[in-house]
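Residue numbers for the sequence shown follow the numbering used here, so the first one is 1491 and each next one is one higher.
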Amino acid sequence: MAILGQSLSAQDKGAIGIIKKAERQTKSRIGVEIRRCRDDSLFVSNRGNEQFCPASLVKLVTSASILRLKGPEMPFYTKVGIDGKIRKGILDGNLIIKGGGDPSLASNYLPTDSGRFAYALVDAMKQWGIKEITGDIIIDASAFDREGVNESWLDEDKGNYFGAGVYGFNINDNRIDVILATGQAGSEARILRIEPPHPEVRWENRIKVIRRGKDTAGCYGEGLNLKRTLTGVLPTNIASYRLKTDLPDPALYGAAWAKGLLSAAGTLCQGESRASYQAVPITQELLIYESLPLDSLVRVMNFRSLNHFAEAFVKQLAPLASKNHRGNTTERGLSVVQNYWASQTGLQHTDISLSDGSGLSRRNHFSPNALSQILIDMISRGDLVTASFMNSLPLAGREGTVKSFMKDEAIEAYLKSGSMRGILGYAGYVRFQGEWYSVVLIGNDFSSSTPVRRAFSDFLLSFFSSAASTKEARPREK
1491 MAILGQSLSA QDKGAIGIIK KAERQTKSRI GVEIRRCRDD SLFVSNRGNE
1541 QFCPASLVKL VTSASILRLK GPEMPFYTKV GIDGKIRKGI LDGNLIIKGG
1591 GDPSLASNYL PTDSGRFAYA LVDAMKQWGI KEITGDIIID ASAFDREGVN
1641 ESWLDEDKGN YFGAGVYGFN INDNRIDVIL ATGQAGSEAR ILRIEPPHPE
1691 VRWENRIKVI RRGKDTAGCY GEGLNLKRTL TGVLPTNIAS YRLKTDLPDP
1741 ALYGAAWAKG LLSAAGTLCQ GESRASYQAV PITQELLIYE SLPLDSLVRV
1791 MNFRSLNHFA EAFVKQLAPL ASKNHRGNTT ERGLSVVQNY WASQTGLQHT
1841 DISLSDGSGL SRRNHFSPNA LSQILIDMIS RGDLVTASFM NSLPLAGREG
1891 TVKSFMKDEA IEAYLKSGSM RGILGYAGYV RFQGEWYSVV LIGNDFSSST
1941 PVRRAFSDFL LSFFSSAAST KEARPREK
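Okay, here's the thing in structure tokens:
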């Protein structure tokens, strides 16, 4: 590792020592890169061109891409229509809800917005005078492909809430909670209730109760398969334990949810509730529902590190792909992302290799230098996209997933975190003495994250304790 320039100050040498010591002690690889945003001057680079698995730092690339290519004001659209006629308050036909891939419908992470779609749907029935529906309620989830769960994700992640699939229709964060209770050691945990109820799901409960030990309760299942298996162990005598799992077939659940909602509001629904992954023709539109704009959705994604938001963003980019790619798939969306950054920064597919948009895949790899170039490019234009992107990054020590990182330290750092077993990273921007710096820190191949996290904090404090704005740096090295 080196800090580039004519000489190294005592603070600089201390910063270098912190990273080198951490690598030795943890037997890990640590990639570091710091650049001054004003002129793209490179100050620090350790393993800057080596490939690292970045975990959720991938969301920075996804955020930058969707904001640049779609614009911060773009919403997702969900359409409601019919394929029949309305006569004297009776819809003689089907009610069709055509999803647009919106990841935020009834989201728990947007409490002030979560009920808006339900209200809009009920209000549309009133506006059109529909008191009875003779046909079915159909969710059209054809906007995206049927492969909601990424094949590169680990089996242990599939079925858990953070590994939820993403489809043309999403609702309730594609999450369903199992409320459990435990009794004596050696018994099975009891399922108290399911929230929200989903009668189509078949639950196989294999969770055992132990006297003492680590909670390992989890869920296994995949995609549209309606069977979910609960596995692992829980301690004795728990009155109520909430296990967060993925929602199997959100479109099927959504159709039943919509039927229940409308029935409760006074609309007689005579038909079935069902999902379709083929396009269902609409002869008349009743409602076009708009999500919050992208800048709001990107902000909540980065503050809460929401995988399903990121995966929806990637699929939303798929229509921009070349004609060589077919279908609104993750693969097609990622080709748009990688081709865009190749055109903007010269980054090749060997510099940034992505298998998903969220960072849950361990096949994702890029270098600190590659991410630095994207961060510099995003801040360089100073436009509305720049403001939206920077506003989506939480303040270290105070907000979001970095609330506990560098807590009570006098450093103004706006960072996205990323972590999985053996992986830890932080990246974003630091404002120091009137200057903006891009910062990328990624550690791989360690057994404990605690010393790596401490090293990252100590390194930033050491580096920015000196007059960084007066350091001599090598101009614009790629």
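Just so you know, even glycine gets a beta-carbon here, dropped at the ideal spot from N, CA and C.
Please read these numbers as outputs of a predicted model, since none were measured by experiment.
Item, Value
"What runs of the alpha helix (DSSP H), each 4 residues or longer, lie entirely inside the region 1869–1913?", "1874–1881"
"How far does the beta strand (DSSP E) with R1537 in it extend, from its first residue to its last?", "Segment: none, R1537 is in no beta strand (DSSP E) and carries neither H nor E."
"Within its chain, find whatever has a CB closer than 7 Å to the CB of C1543; leave out the 5 residues flanking it on each side and keep chain order.", "R1852, N1854, H1855, I1913, N1934"
"Looking only at its chain, what residues have a beta carbon closer than 6 Å to the beta carbon of P1565, apart from the 5 residues adjacent to it on each side?", "E1780, S1781, P1783"
"Identify the residues that DSSP records as bridge partners of N1695: which are they?", "L1720"
"At which residues does the beta strand (DSSP E) containing Q1760 begin and terminate?", "Per DSSP, Q1760 belongs to no beta strand (DSSP E) and is neither H nor E."
"In this structure, does DSSP put S1959 in helix, strand or coil?", "With a pLDDT of 41 at S1959, under the threshold of 50, the modelled position of this residue cannot be trusted; read the value that follows with caution. In the structure shown, S1959 sits in a helix (DSSP, three-state: H, G or I)."
"Looking at the unbroken beta strand (DSSP E) that takes in G1521, where does it start and where does it end?", "1519–1526"
"Taking M1896 and G1887 to be in contact with their CB atoms under 8 Å, please state how far apart those CB atoms are, rounded to whole angstroms.", "5 Å"
"With DSSP collapsed to three states, give me the class of H1839.", "coil"
"Considering only the beta carbon of each residue, do Y1919 and L1931 sit closer than 7 Å?", "no"
"To which residues does DSSP link Y1567 through a beta bridge?", "E1780"
"Which same chain residues, not among the five before or five after S1952, have their C-beta less than 7 Å away from its C-beta?", "Q1501, G1504, A1505, I1508"
"Q1674 by DSSP, collapsed to three states: which one?", "coil"
"Specify the secondary structure class of V1639 as computed by DSSP and reduced to three states.", "coil"
"According to DSSP, is W1747 helix, strand or coil?", "helix"
"Looking only at DSSP bridge pairs, what is Q1774 linked to?", "I1572"
"Report all residues from its chain with a CB closer than 7 Å to the CB of G1574; omit the five preceding and five following residues, and keep chain order.", "L1581, D1582, G1583, N1584, G1625"
"When DSSP builds the beta bridges, which residues end up paired with Y1657?", "None; Y1657 has no bridge partner."
"What does the alpha-carbon distance come out to for the pair E1762 and G1561?", "39 Å"
"Taking the alpha helix (DSSP H) that E1801 belongs to, which residues open and close that run?", "1797–1806"
"For I1971, collect the residues of the same chain with a Cβ closer than 7 Å to its Cβ; drop the 5 residues on either side in sequence, then sort them by chain order.", "Since the first residue of the chain shown is 1491 and the last is 1968, residue 1971 is not available in this structure."
"Since T1552 is in the beta strand (DSSP E), which residue starts that stretch and which ends it?", "Here T1552 belongs to no beta strand (DSSP E); instead the alpha helix (DSSP H) covers 1548–1560."
"Am I right that L1861 and L1559 are in contact with their C-beta atoms under 8 Å? What's the rounded C-beta distance?", "About 18 Å separates the two Cβ atoms, so there is no contact after all."
"What are the start and end residues of the alpha helix (DSSP H) that includes T1940?", "1940–1953"
"Does the Cβ of T1960 have 16 or more other Cβ atoms within 10 Å, making it buried, or fewer, making it exposed?", "Note that T1960 scores a pLDDT of 45, beneath 50, so its modelled location is shaky; the value from the coordinates is reported in the next line. Label assigned to T1960: exposed."
"For E1821, which of helix, strand or coil comes out of DSSP?", "helix"
"Please state whether DSSP places N1854 in a helix, a strand or coil.", "coil"
"Can you give the Cα-Cα distance for E1902 and I1556, rounded to whole angstroms?", "26 Å"
"If you run the structure through DSSP and keep just helix, strand and coil, what is R1964?", "With a pLDDT of only 44 at R1964, under the threshold of 50, the placement of this residue in the model should not be trusted, and no figure is reported."
"Buried or exposed: which applies to L1950, given that a residue is buried once 16 or more other Cβ atoms fall within 10 Å of its Cβ?", "buried"
"For R1702, report the span of its alpha helix (DSSP H) as first-last.", "Looking at the DSSP string, R1702 is not in any alpha helix (DSSP H), and its letter there is neither H nor E."
"Note down the Cα distance separating D1948 from E1540, rounded to an integer number of angstroms.", "23 Å"
"So, I1623 versus C1759, is the Cβ gap smaller than 7 Å?", "yes"
"How should E1646 be labelled, buried or exposed, when 16 other C-beta atoms within 10 angstroms of its C-beta is the threshold for buried?", "exposed"
"Please go through the same chain and pick out, in chain order, the residues whose beta-carbon is closer than 6 Å to the beta-carbon of M1491, but skip the five residues on each side of it.", "Residue placement at M1491 cannot be trusted, given a pLDDT of 48 that sits under 50; what the coordinates show is reported in the next sentence. Same-chain partners within the cutoff: I1506, I1509, N1536."
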